[in-house]
Every structure is written in C-alpha cells, then in structure tokens.
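Working notes, structure below.
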Ligand SMILES: [Zn+2]
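In this note's numbering, the protein residues as written are 25 to 316.
Structure representation (structure tokens):
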C-alpha cells in the first residue's frame with residue numbers, strides 16, 4: 025500500500041516536472057516569477073492574539089497561514105521563508121492527516137503538504153535553489169532550512185548570531201544545523217540587490233528579531249510588492265497604528281522599522297503582503313500558478 029502511494033506520488037511529480045522549466049542552478053524563466061506555497065496554518069489562542077494588541081473581533085479570522093515563496097529570476101532562484109515543520113516530519117505524519125507542532129504556548133501548527141513536493145511540481149529541487157533567505161529566524165519561518173544548505177544564504181550577521189545564541193527559545197537550531205557550514209553573504213547595508221538588476225531587493229527591517237528583513241519584488245505584470253515577514257502579523261495592527269508586540273526583540277526598533285517601511289511603501293507605490301494575514305493569503309494565487 026505504502027509503495028503504491030509513493031509510486032503514485034513519483035508519477036505525479038514526474039508528470040508535473042516534465043511540464044515545468046528544466047531544473048538547474050540558473051532558472052529558465054524568461055522573466056521573474058513568484059510562486060506562493062502552502063507551508064501550513066497556525067491556530068492562535070486568544071492570549072496569542074492579544075500579544076499583537078488586537079482583539080479577535082477586530083481581526084475576524086485569527087488563524088495565521090504560513091506561506092513559503094520561490095522567486096525564479098532569469099539569473100537564479102531565491103527561496104524566501106521555509107515553513108514551520110520539516111518535510112520529513114510531515115511525510116511521517118501524512119497518514120494522520122498532517123503534522124502538528126506547538127510553536128509556543130499560544131500557537132499550534134498544522135502542516136499537510138511538504139515544501140519539496142510543491143517545489144517539484146514547478147520543476148525544482150532544493151538543490152537547484154541559488155539563494156535562500158528568511159525574513160527572520162523564528163520557528164515558523166525556518167523549518168526546512170537544512171534542505172537549502174547548498175544554496176548561498178543571505179542573512180544579516182545579527183540574525184545569524186541570534187540563531188545560535190545559547191538559550192534562545194524563539195528558535196529551533198535543529199531546523200538549520202546544516203547551515204552552520206553553508207556559504208553565506210552578510211547583509212550589512214539597508215538594502216541588498218539579490219540579482220543585481222533591482223528586481224528582488226532585501227531590505228533591513230529589524231526589531232521583531234535583531235536581523236528581521238523584508239523582500240521587495242518588482243514584477244513586470246504584477247508591479248511592486250513587499251513580502252513583509254513579521255513586520256506585522258494581522259492587518260489591523262497596521263491600519264490602527266498599534267504598538268508592536270511587547271515580546272519583540274526590540275520594540276522601539278520595530279516601531280522605527282514600521283515607520284520607515286511605511287514611508288518606503290508610500291514613496292515607491294509598493295503593495296505590502298503581510299505574510300500571516302489570513303484573508304490576504306486566501307486571495308493569493310497558489311503555486312503552480314505564479315505572479316510575474
Ligand atoms: Zn511568523
């Protein structure tokens with residue numbers, strides 16, 4: 025039975041891969057694409073919602089989706105945020121309807137689909153990915169980092185240090201132990217242009233963690249969007265100009281980052297995508313569909 029299921033999965037993967045661009049370190053897409061993957065869902069307790077200085081009534085839907093993103097550029101590929109439960113755990117729990125994991129006392133995750141299956145469906149394996157970056161190192165953004173140990177890691181030094189800080193309960197070092205030896209580029213400026221043409225720019229937005237960052241994409245048809253990491257979790261935090269959560273790494277730095285990013289969004293006519301916003305995520309095209 026299990027062999028038949030595995031064989032069927034391989035057949036589906038092979039079929040979809042044959043219709044997708046050939047894998048390789050260099051992406052074959054004629055112009056930049058953004059794929060949005062389903063990397064799970066967080067159920068947040070009422071105490072957890074209150075951390076963000078909003079109420080369940082204001083928020084409406086308190087669950088938080090966990091998206092992962094692939095940017096396929098003619099010059100290479102970039103993975104941005106990599107989920108909350110490692111693929112191997114999700115595979116083991118497939119017959120139980122998905123894998124579950126308590127991120128902390130207020131947030132529990134359910135993941136039904138592996139990241140690598142979703143990558144394979146559009147023609148990529150983790151080994152094909154040129155660059156990997158995370159908005160920040162919290163557990164719900166890092167689960168599959170070990171699969172990208174052969175990619176070049178784009179991270180501020182402060183975030184890298186935070187990830188191996190002894191006693192840090194906000195991170196799970198087993199998710200990224202292989203990255204300790206990975207090639208990495210320290211991002212020590214306000215902006216880093218990933219492919220050198222301005223199409224994908226990582227911007228510093230510290231505070232939520234020491235090296236929290238956001239990704240700005242200039243897509244030909246879609247326009248300018250920002251994958252904002254956890255600069256905000258719920259849309260009303262931004263709409264009502266509420267103070268950042270009390271458990272931020274640095275609340276004042278978070279407030280300053282929010283103000284400077286809001287100014288940038290207005291100046292550059294860029295649309296913010298709050299990654300954990302349920303309603304916004306529900307409207308997004310999911311891979312294998314893409315934005316370009
Ligand atoms: Zn998060």
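Beta carbons: idealized from backbone N, C-alpha and C, even for Gly. None of these values were measured; they are calculated from a predicted model.
- Straight-line measurement puts the Cα of residue 162 at about 9 Å from the Cα of residue 187.
- Residue burial is scored here from C-beta neighbours: residue 209 has fewer than 16 other C-beta atoms within 10 angstroms and is therefore classed as exposed.
- Look at residue 254: its beta carbon is less than 7 Å from one of the heavy atoms in ligand 1.
- Annotation for residue 66: the continuous beta strand (DSSP E) segment containing it runs 57-68.
- Going by DSSP, residue 237 is part of the beta strand (DSSP E) stretching over 237-243.
- In this structure, 211 is the residue among 211, 100 and 292 with its C-alpha nearest to the C-alpha of residue 185.
- Taken from the Cβ of residue 300, at least one heavy atom of ligand 1 lies inside 7 Å.
- In this structure, residue 102 places its C-beta atom within 8 Å of the C-beta atom of residue 224.
- Spatial neighbours of residue 250 in its own chain (CB-CB distance under 6 Å, excluding positions within 5 residues in sequence) are listed in chain order as 238, 240, 294 and 296.
- Straight-line spacing of the CA atoms in residue 130 and residue 68 works out to 6 Å.
- Less than 8 Å separates the beta-carbon of residue 66 from that of residue 133.
- Residue 299 places its beta carbon less than 8 Å from that of residue 91.
- Setting aside the 5 residues that flank it on each side, residue 316 is surrounded in the same chain by 53, 55, 56, 57, 58, 243, 244, 245 and 246, each with a C-beta closer than 8 Å to its C-beta; the list follows chain order.
- For the pair residue 152 and residue 198, the Cα-to-Cα distance works out to about 22 Å.
- Secondary structure of residue 234 (DSSP, three-state): coil.
- Residue 220 and residue 156 have their C-alpha atoms roughly 16 Å apart.
- Here the region 131-150 makes contact with the region 102-115; the two share three or more CB pairs at distances below 8 Å.
- One Cα belongs to residue 149, the other to residue 183, and the distance between them is close to 26 Å.
- In this structure, residue 236 has its CB at a distance of at least 7 Å from all heavy atoms of ligand 1.
- Ligand 1 never approaches residue 97 closely enough for any of its heavy atoms to be under 7 Å from the residue's Cβ.
- Under the three-state reduction of DSSP output, residue 128 falls in the strand class.
- For the options 194, 256 and 63, the alpha carbon positioned closest to that of residue 94 is the one of 63.
- The Cβ-Cβ distance between residue 135 and residue 309 does not fall below 8 Å.
- Around the CB of residue 248, fewer than 16 other CB atoms lie within 10 Å, so the residue is classed as exposed.
- Boundaries of the alpha helix (DSSP H) around residue 83: 80-83.
- Per DSSP, the unbroken alpha helix (DSSP H) holding residue 285 starts and ends at 275-292.
- Non-local beta-carbon contacts of residue 267 in its own chain, meaning distances under 8 Å to residues more than five positions away in sequence, involve 77, 275 and 279 in chain order.
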